[in-house]
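**Student:** Chains as they are written, first to last, in the numbering used here: chain A, 0 to 302; chain B, 652 to 956.
Where is the CB? At the ideal position from N, CA and C, for every residue including glycine.
Remember, it's a predicted structure, so these values are computed and weren't measured experimentally.
Shown below is the structure under consideration.
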Amino acid sequence: MSKIVKNKRSLSARLGGLLFVLPSILVVMIFVYGLILWSVNVSLTNQNSGTKKAIEYVGLKNYTDLVADERFTHSLSNLVKFTVVFILGALVTGFIMSLLLEKGIKGEGFFRSFYLYPMAISFIAMGTVFNWLLNSARDEEAGGLNLALQKIGLGFLQNDWYVSERGSMYAMALPAIWQMSGYVLALFLAGFRGIPDDMREAARVDGASESQIYRHVLFPQLTPTLLTILIILGHISMKAFDLIIGINGKSYVTQVVAVYMWEATFDKRDYAKGTSIAIVLLIMIAVVVVPYLRYNNKQQAYR
Amino acid sequence: MSKDLVDLITAKPDARNKKRKLNGKERFWLIFRYISLTFIWFLVVMPIYVMVINSLKGVKNVYLTNAFKLPEKLDFSAWSVAWSGTDYFPQSISESMTRTLFFVIQASIISAIIGSINGYVFAKWKFKGSNLIFTFFLFGMFIPYQAIMIPLVRIATTLEINKSIYVLILAHIIYGIPICTLIFRNYYEAIPNELIEAARVDKASMVRTYRSIILPLSLPAFVVVLIWQFTSAWNDFLFAIFLTGGSPKLSVATTALNFITGSSNQVYYGVNMTASLIVSLPTLIVYIFLGRYFLRGLLSGSLKG
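Printed below as a string of structure tokens:
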């Protein structure tokens with residue numbers, strides 16, 4: 000049907016369409032792709048406003064320097080720790096929330112609205128609260144979350160949180176999980192409710208138990224949803240910036256790639272280094288996102 | 652996906668409407684679900700609770716050790732200090748809040764208009780290669796903005812637009828094009844082609860069709876995009892800190908808040924909590940009244956809406 004429609008369209012009508020989006024296409028071409036190339040170009044030079052010298056091309060030196068840069072590898076390993084805990088945590092939490100809600104329950108709207116509100120609040124504002132509550136003082140001096148843990152008899156869970164030497168990134172994942180679980184809930188809930196009720200009914204008629212229905216009928220249907228969630232959380236996690244800044248500023252212990260890029264650019268005015276870090280980040284994210292976009296594009300074509 | 656994700660989420664599954672007596676096992680699970688849901692509810696509400704109660708304890712009586720305790724008597728002084736400052740607390744957020752409101756509203760409206768036009772073309776006036784171009788648009792939504800930031804700052808400095816708040820309006824419009832186009836495109840895809848065809852039979856031009864058929868149907872999509880852009884521009888920190896360089900003259904809600912709470916020598920936690928609450932209020936209010944539309948924007952970011 001739509002094929003025929005397309006052929007009937009006059010050339011001018013189709014060009015008209017292009018004409019109206021042309022400004023946006025140009026803007027995206029220049030400000031997304033053009034500036035990325037510009038960044039790549041800067042990253043191949045020795046451009047640095049901190050130490051003024053003539054700008055010259057140095058090839059991939061900035062990238063090879065990064066590999067040897069202890070601060071960069073530190074921020075990268077921080078990012079990996081954060082990403083793993085954050086994705087697993089948000090996935091499990093959001094999934095449990097969706098399991099509790101998916102069948103429908105009285106008051107569902109109330110719970111759902113509350114579970115989703117963190118998404119509307121900035122990382123910076125939330126960071127202020129978590130910065131305060133996740134204080135590292137313990138036992139007699141304890142306040143905030145450590146005190147609350149003592150009060151409910153879970154004192155052994157008291158922690159140094161984001162200032163701890165080893166666990167800082169895991170602590171940092173907590174607020175991130177808090178903020179993003181609602182997103183996972185929403186996607187899983189949509190996934191569950193996209194499964195026709197007949198499938199459950201059929202399985203029930205066949206004598207399947209509730210847990211068997213979940214395991215063999217419902218969960219397999221959620222695989223595409225799971226994929227989407229992993230990609231969305233993955234790219235959000237790799238971009239982590241204001242969440243970290245909001246809680247612990249630029250501190251070394253919790254520095255991730257995006258924060259290190261900021262430090263190199265802002266404090267050191269080392270633009271060559273800043274752009275090379277940013278390009279590494281871009282490549283990491285592209286590896287995750289581009290296959291997803293291609294998959295999505297193919298799906299669209301069959302619509 | 653024919654059905655909108657938000658419709659799916661808020662739809663009432665058939666199972667829930669079945670009224671029948673629960674047996675013992677089912678009753679146990681129902682109680683278990685309510686207990687778990689309530690427990691999670693407390694965890695989710697906790698930070699907001701902490702913000703609210705500690706904003707009512709005044710300026711000086713706020714300690715980490717009583718962070719979860721209700722105030723003994725209500726004291727609103729932290730609100731006035733956070734809003735307009737005092738001699739011992741010179742930073743205030745009133746100015747930044749007004750500035751943010753000013754730029755965010757303009758950016759959202761322009762973004763919505765551009766998104767609507769683009770979405771219309773990508774959904775209903777496809778040309779050769781339009782799907783591919785659209786995919787290239789989408790990539791722009793996922794990139795880490797750090798990858799374009801240094802050249803962008805350079806451009807803004809050269810053109811000397813980094814000395815006014817318009818630089819943020821422009822940035823949010825430009826980098827909002829992908830998501831705004833996506834939301835409108837998805838929305839327009841659902842409008843039957845027959846409507847467009849009927850208009851064509853009547854020799855209506857593309858623009859005419861847009862004005863008389865598409866635009867009157869577009870209100871829900873406009874609300875989604877306006878809310879989305881409002882929330883993301885309001886909560887944005889990355890563009891603000893890079894493009895305004897943290898200059899106090901151009902501080903917006905998030906950068907001002909970060910400046911206030913990040914200064915290590917001050918310990919007015921009550922004011923910190925109040926400032927965070929005030930900064931969160933606009934987006935929270937939007938969420939409370941138009942949550943459904945917010946959710947729709949949120950889910951389109953997953954490309955599945």
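Pick helix, strand or coil for B/T895, following the three-state DSSP scheme.
**Tutor:** Translated into positions along the second sequence, residue 895 of chain B becomes position 244. If DSSP states are grouped into helix, strand and coil, B/T895 belongs with coil.
**Student:** Does DSSP put B/Y919 in a helix, a strand or coil?
**Tutor:** Against the second sequence, residue 919 of chain B aligns to sequence position 268. In this structure, B/Y919 counts as coil in the three-state DSSP scheme.
**Student:** Using a threshold of 9 Å, state whether the C-beta atoms of A/L132 and B/P871 are closer than that.
**Tutor:** For the purposes of this step, residue 132 of chain A is taken as the residue at position 133 of the first sequence. For the purposes of this step, residue 871 of chain B is taken as the residue at position 220 of the second sequence. Against a cut-off of 9 Å, the Cβ pair of B/P871 and A/L132 comes out as no contact.
**Student:** Report yes or no: is there a C-beta of chain A within less than 9 Å of the C-beta of B/R750?
**Tutor:** Walking along the second sequence from the start, residue 750 of chain B turns up at place 99. With 9 Å as the cut-off, B/R750 does not count as an interface residue toward chain A.
**Student:** When the Cβ atoms of the stretch 927-941 of chain B are set against those of the stretch 902-915 of chain B, are three or more pairs found closer than 8 Å?
**Tutor:** yes
**Student:** Output the distance between the C-alpha atoms of B/N916 and B/I784, rounded to the nearest integer angstrom.
**Tutor:** As a first step, residue 916 of chain B is located in the second sequence; it is residue number 265 there, counting from the start. As a first step, residue 784 of chain B is located in the second sequence; it is residue number 133 there, counting from the start. Since pLDDT at B/N916 reaches only 48, below the 50 mark, its modelled position is unreliable, and the value read off the structure follows with that caveat. Rounded to the nearest angstrom, the two C-alpha atoms are 51 Å apart.
**Student:** Just how far apart, CA to CA, sit B/G643 and B/L656?
**Tutor:** Missing from the structure shown is residue 643 of chain B; chain B here goes from 652 to 956 and no further.
**Student:** Taking Cβ-Cβ distances shorter than 9 Å, what residues in chain B pair up with A/Y116?
**Tutor:** As a first step, residue 116 of chain A must be located in the first sequence, where it is residue number 117. Residues of chain B passing the Cβ test: V695, V696, I699, L935, Y938, I939 and G942.
**Student:** For A/T227, which of helix, strand or coil comes out of DSSP?
**Tutor:** For the purposes of this step, residue 227 of chain A is identified with residue 228 of the first sequence, where counting begins at 1. A/T227: helix per DSSP, three-state reduction.
**Student:** Helix, strand or coil for A/S1, going by three-state DSSP, please let me know.
**Tutor:** As a position in the first sequence, residue 1 of chain A is number 2, starting the count at 1. At A/S1, the pLDDT of 47 sits below 50, so the modelled position is not reliable; the number obtained from the coordinates is stated separately. Helix at A/S1.
**Student:** So is B/G921 buried or exposed if we call it buried at 16+ other beta carbons inside 10 Å?
**Tutor:** Numbered from its first residue, the second sequence carries residue 921 of chain B at position 270. Under this definition B/G921 is a buried residue.
**Student:** Counting C-beta neighbours from all protein chains within 10 Å, is the total for B/N844 16 or more, i.e. buried, or is it exposed?
**Tutor:** Here residue 844 of chain B refers to the residue found at position 193 when the second sequence is read from its first residue. Exposed is the call here.
**Student:** Span of the alpha helix (DSSP H) holding A/H73?
**Tutor:** Stepping through the first sequence from its first residue, residue 73 of chain A is reached at position 74. Unbroken alpha helix (DSSP H) run through A/H73: E69 to L100.
**Student:** Suppose you measure from the CA of B/Y919 to the CA of A/T92; what does that come to, to the nearest Å?
**Tutor:** Residue mapping note: residue 919 of chain B aligns to position 268 of the second sequence, counting from 1. Residue mapping note: residue 92 of chain A aligns to position 93 of the first sequence, counting from 1. Whole-angstrom Cα-Cα distance: 34 Å.
**Student:** Return the residues of the stretch 231-258 of chain A that lie within a Cβ-Cβ distance of less than 9 Å from chain B, sorted by chain order.
**Tutor:** I231, H234, M237, K238, F240, D241, I244, G245, G248, V256 and A257
**Student:** Show which residues of chain A have a CB atom less than 7 Å away from the CB atom of B/G913.
**Tutor:** Translated into positions along the second sequence, residue 913 of chain B becomes position 262. Near B/G913 (Cβ distances below 7 Å), the residues of chain A are G248.
**Student:** Taking the Cβ atom as the reference point for each residue, do B/I834 and A/A189 lie within a distance shorter than 9 Å?
**Tutor:** Residue mapping note: residue 834 of chain B aligns to position 183 of the second sequence, counting from 1. Residue mapping note: residue 189 of chain A aligns to position 190 of the first sequence, counting from 1. Cβ distance not < 9 Å, so B/I834 and A/A189 don't count as in contact.
**Student:** Roughly how many angstroms lie between the CA atoms of A/Q254 and A/L115, to the nearest whole one?
**Tutor:** The residue labelled residue 254 of chain A in the question sits at position 255 within the first sequence. The residue labelled residue 115 of chain A in the question sits at position 116 within the first sequence. Rounded to the nearest whole angstrom, the C-alpha separation of A/Q254 and A/L115 is 28 Å.
**Student:** For B/D726, which of helix, strand or coil comes out of DSSP?
**Tutor:** Translated into the one-based positions of the second sequence, residue 726 of chain B becomes position 75. Correct three-state label for B/D726: strand.
**Student:** At least one CB of chain B closer than 9 Å to the CB of A/T63: is that the case?
**Tutor:** Residue 63 of chain A sits at position 64 when you count from the first residue of the first sequence. Answer no: the Cβ-Cβ gap between A/T63 and chain B never drops below 9 Å.
**Student:** In chain order, what residues of the stretch 847-876 of chain B put their CB closer than 7 Å to some CB of chain A?
**Tutor:** Residues E848 and M857.
**Student:** Does any C-beta atom of chain B lie closer than 9 Å to the C-beta of A/M198?
**Tutor:** Taking the first residue of the first sequence as 1, we reach residue 198 of chain A at position 199. Answer no: the Cβ-Cβ gap between A/M198 and chain B never drops below 9 Å.
**Student:** Taking C-beta pairs closer than 9 Å, name the residues in chain B that A/Q149 reaches, listed in chain order.
**Tutor:** Counted from its first residue, the first sequence places residue 149 of chain A at position 150. Result: empty, since nearest Cβ-Cβ is about 11 Å, beyond 9 Å.
**Student:** Quick check on the DSSP output: what are the complete alpha helix (DSSP H) runs of length 4 or more inside the stretch 192-225 of chain A, in order along the chain?
**Tutor:** 196-204
**Student:** In angstroms, rounded to a whole number, what distance separates the CA positions of A/F94 and A/V252?
**Tutor:** On the first sequence, position 95 is the one that residue 94 of chain A refers to. On the first sequence, position 253 is the one that residue 252 of chain A refers to. A/F94 and A/V252: Cα-Cα distance of roughly 30 Å.
**Student:** What is the DSSP secondary structure of A/T44, reduced to helix, strand or coil?
**Tutor:** By one-based count along the first sequence, residue 44 of chain A stands at place 45. DSSP places A/T44 in strand when its eight states are reduced to three.
**Student:** Tell me whether B/K708 sits in a helix, a strand or coil according to DSSP, three-state version.
**Tutor:** The count along the second sequence starts at 1 and reaches residue 708 of chain B at position 57. Strand at B/K708.
**Student:** Taking the beta carbon of A/A53 as the centre, do at least 16 other beta carbons fall within 10 Å, making it buried, or is it exposed?
**Tutor:** Numbered from its first residue, the first sequence carries residue 53 of chain A at position 54. With fewer than 16 other Cβ atoms within 10 Å, it is exposed.
**Student:** Tell me whether the stretch 820-827 of chain B and the stretch 932-946 of chain B touch, counting them as touching only if at least three CB pairs, one residue from each stretch, are closer than 8 Å.
**Tutor:** Counting Cβ pairs under 8 Å, fewer than three are found: no touch.
**Student:** Report the start-end ranges of each alpha helix (DSSP H) in the stretch 757-844 of chain B that is 4 residues or longer and not cut off at the edges.
**Tutor:** Listed in chain order, the complete alpha helix (DSSP H) runs (minimum 4 residues) inside the stretch 757-844 of chain B are 781-793, 797-809 and 817-840.
**Student:** Starting from the C-beta of B/L866, find all residues in its chain whose C-beta is less than 8 Å away, skip the five residues before and the five after it, and write them out in chain order.
**Tutor:** Numbered from 1 along the second sequence, position 215 holds the residue referred to as residue 866 of chain B. Closer than 8 Å at Cβ, skipping near neighbours: S767.
**Student:** For a quick check, are the C-beta atoms of A/S97 and A/F191 less than 9 Å apart?
**Tutor:** Here residue 97 of chain A refers to the residue found at position 98 of the first sequence. Here residue 191 of chain A refers to the residue found at position 192 of the first sequence. Yes, they are a contact pair.
**Student:** Go ahead and pull the three-state DSSP assignment for A/T50.
**Tutor:** Counting from 1 along the first sequence, the entry for residue 50 of chain A is found at position 51. Here A/T50 sits in coil by DSSP.
**Student:** Excluding sequence positions up to five away, which residues of its chain have a Cβ less than 7 Å from the Cβ of B/I892?
**Tutor:** Indexing the second sequence from 1 puts residue 892 of chain B at position 241. Once the five neighbours on either side are set aside, the close Cβ partners of B/I892 are T906.
**Student:** Please classify A/Y56: does DSSP put it in a helix, a strand, or coil?
**Tutor:** Taking the first sequence and counting its residues from 1, one reaches residue 56 of chain A at position 57. Strand, per DSSP.
**Student:** For B/C831 and A/V20, what's the separation of their Cα atoms in angstroms?
**Tutor:** Taking the first residue of the second sequence as position 1, residue 831 of chain B is located at position 180. Taking the first residue of the first sequence as position 1, residue 20 of chain A is located at position 21. Their Cα atoms are separated by approximately 13 Å.
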